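What follows is a single structure, written as structure tokens, with notes after it.
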Amino acid sequence: MRVLVLTWEYPPVSVGGLARHVRYLVAELARRGHLVDVVTQGGHGAPDSEESRVGDGVLRVTRRTAYALSPLDFLHWVHQLNYGLIEAVMGLAMAGDGGAGPAASPPFDIVHAHDWLVAFAARAAKHAYRVPLVATIHATEAGRHHGIHNPWQRYISEIEWWLTYEAWRVICCSGYMESELSGQFQLPGDKIRVIPNGIDPGDVDAGASGDPHGSGDSGGS
Numbered sequence: 001m002r003v004l005v006l007t008w009e010y011p012p013v014s015v016g017g018l019a020r021h022v023r024y025l026v027a028e029l030a031r032r033g034h035l036v037d038v039v040t041q042g043g044h045g046a047p048d049s050e051e052s053r054v055g056d057g058v059l060r061v062t063r064r065t066a067y068a069l070s071p072l073d074f075l076h077w078v079h080q081l082n083y084g085l086i087e088a089v090m091g092l093a094m095a096g097d098g099g100a101g102p103a104a105s106p107p108f109d110i111v112h113a114h115d116w117l118v119a120f121a122a123r124a125a126k127h128a129y130r131v132p133l134v135a136t137i138h139a140t141e142a143g144r145h146h147g148i149h150n151p152w153q154r155y156i157s158e159i160e161w162w163l164t165y166e167a168w169r170v171i172c173c174s175g176y177m178e179s180e181l182s183g184q185f186q187l188p189g190d191k192i193r194v195i196p197n198g199i200d201p202g203d204v205d206a207g208a209s210g211d212p213h214g215s216g217d218s219g220g221s
């Protein structure tokens, strides 16, 4: 399966926990034999493209910067970023067809969007290539601010709703988020899937003391 993953955070860009979540997710998808294309923001000293073999699959990362058009605010920057992401997706689709034009079969089997910041690019890819869209909502604007208090927040919340509406399935990582999504956006229960976050045991360092909690604290002072 060829999976297109859209995210505004991916290492080395890490604002919250989204980058770490996506990094481990896409590596595991590739390890299981899928071709995974991550399209994300560029800059920050990261290469424009990377490709690696992971297990039985391939992980490719394509980075694009937002247009250098002096955005008036963060929302303008987000829109500029989405235009760049769409261009990157189109480039990947054309490359998969040898640059010959629209392919007989879709260049991707599924689109996976992470949070509202890539909603516009995700919807464009969904409709352009007629493939299912899955959206993971890591947090909502109302949840971050204990409600919606101004037009800025309302705009973001409406984009979140729009993304969940366009998605075939919506993923969240807890029962609390499931109730938040169903309550705020009136999502039917069979559209939401709860998939808890996990860890890679190989990344846990128990420390010299062998502490199973990884504190490495010998108890001395």
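For the sequence shown, this note's numbering gives the first residue as 1, with consecutive numbering after it.
For every residue, glycine included, the Cβ atom is placed at its ideal position computed from N, Cα and C.
Predicted, not measured: the structure shown is a model, and the values here were computed from it.
Residue i versus residue j: straight-line alpha-carbon distance, rounded
i      : j      : result
His44  : Val13  : 7 Å
Arg60  : Leu92  : 10 Å
His146 : Ala139 : 12 Å
His76  : Asp115 : 17 Å
Ala119 : Ser157 : 12 Å
Gly99  : Pro107 : Confidence at Gly99 is low in this model, with a pLDDT of 48, below 50, so the placement of that residue should be treated as unreliable; the coordinate-derived value is given next. Each residue's Cα considered, the two are about 12 Å apart.
Ser105 : Ala19  : 31 Å
Lys126 : Thr7   : 15 Å
Gly17  : Arg53  : 25 Å
Val5   : Pro11  : 14 Å
Ile260 : Glu166 : Residue numbering for the chain in the displayed model covers 1 to 221; residue 260 lies beyond these limits and cannot be assessed.
Met90  : Asp37  : 12 Å
Arg94  : His149 : Per the sequence shown, the amino acid found at residue 94 is Met instead of Arg. Looking at the two C-alpha atoms, the distance is approximately 43 Å.
Glu266 : Gln153 : Given that the chain is displayed from residue 1 to residue 221, the structure contains no residue 266 and the question cannot be resolved.
Ser218 : Ile199 : Residue placement at Ser218 is poorly supported in this model, since its pLDDT is 41, which falls under 50; the coordinates are not used for a value here.
Limits of the unbroken alpha helix (DSSP H) element including residue i
i      : result
Gly143 : Glu141 to His145
Ile156 : Pro151 to Glu166
Arg123 : Ala119 to Tyr129
Phe185 : Gly175 to Phe185
DSSP beta-bridge partners of residue i
i      : result
Ser14  : In DSSP, Ser14 forms no bridge with anything.
His114 : Thr136
Gly84  : None; Gly84 has no bridge partner.
Ile148 : Ile148 is not bridged to any residue.
Asp37  : Leu4 and Arg60
Cβ-based burial, residue i [other Cβ within 10 Å; buried from 16]
i      : result
Ile137 : buried
Gln186 : exposed
Ile192 : buried
Trp161 : buried
Ile110 : buried
Leu69  : exposed
Val22  : buried
Residue interval of the beta strand (DSSP E) (run including residue i)
i      : result
Glu51  : Ser49 to Val54
Arg60  : Gly57 to Arg64
Ile192 : Ile192 to Val194
Arg169 : Arg169 to Cys172
Are there three or more Cβ pairs, one per stretch, closer than 8 Å when the region 84–92 is compared with the region 54–65?
-> yes
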